[in-house]
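Trainee: Attaching a single structure in structure tokens format; questions to follow.
In the numbering used here, the protein residues as written are 12 to 78.
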């Protein structure tokens, strides 16, 4: 589920601030997952995903600028 959410995030210039939880819960339901469990667990996983995505963004920006 978390891998499937990689395109469902809220972003600002220079980074990601979080998942689109409306889309995440709809995806959980479409996958046949319990919405209540998804609503409890996704916010616990979200900060780790956001940190990872932002680290990739920074690395890409660093590679592009050479600084």
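Each residue gets a CB set at the ideal place from its N, CA and C atoms; glycine is no exception.
This structure is a prediction, so every number in the text was calculated from the model and none was measured.
(1) To the nearest angstrom, how far is the alpha carbon of residue 37 from that of residue 50?
(2) Ignore the nearest five residues each way along the sequence and tell me which others in residue 21's own chain have a CB closer than 8 Å to its CB.
(3) Can you check which of these residues, 68, 58 and 74, is closest to residue 24 by C-alpha distance?
(4) According to DSSP, is residue 77 part of a helix, a strand, or is it coil?
(5) What separation, rounded to the nearest whole angstrom, lies between the Cα atoms of residue 40 and residue 34?
(6) Please name the residue in 45, 47, 72 and 60 whose C-alpha comes closest to that of residue 18.
Mentor: On the basis of the coordinates in this document:
(1) Along the chain shown, one-based indexing puts residue 37 at 26. Along the chain shown, one-based indexing puts residue 50 at 39. Using only the alpha carbons, I get a separation of about 11 Å.
(2) What you label residue 21 is simply residue 10 of the chain shown in a count that begins at 1. Same-chain partners within the cutoff: 27, 28, 29, 30 and 31.
(3) Counting from one through the chain shown, the residue named residue 24 turns up at place 13. When each option's Cα is compared against that of residue 24, the closest is 68.
(4) Counting from one through the chain shown, the residue named residue 77 turns up at place 66. Correct three-state label for residue 77: coil.
(5) Locating residue 40 in the chain shown gives position 29, where the first residue counts as 1. Locating residue 34 in the chain shown gives position 23, where the first residue counts as 1. Distance between the alpha carbons of residue 40 and residue 34: 10 Å.
(6) Counted from its first residue, the chain shown places residue 18 at position 7. Considering only alpha carbons, the answer is 60.
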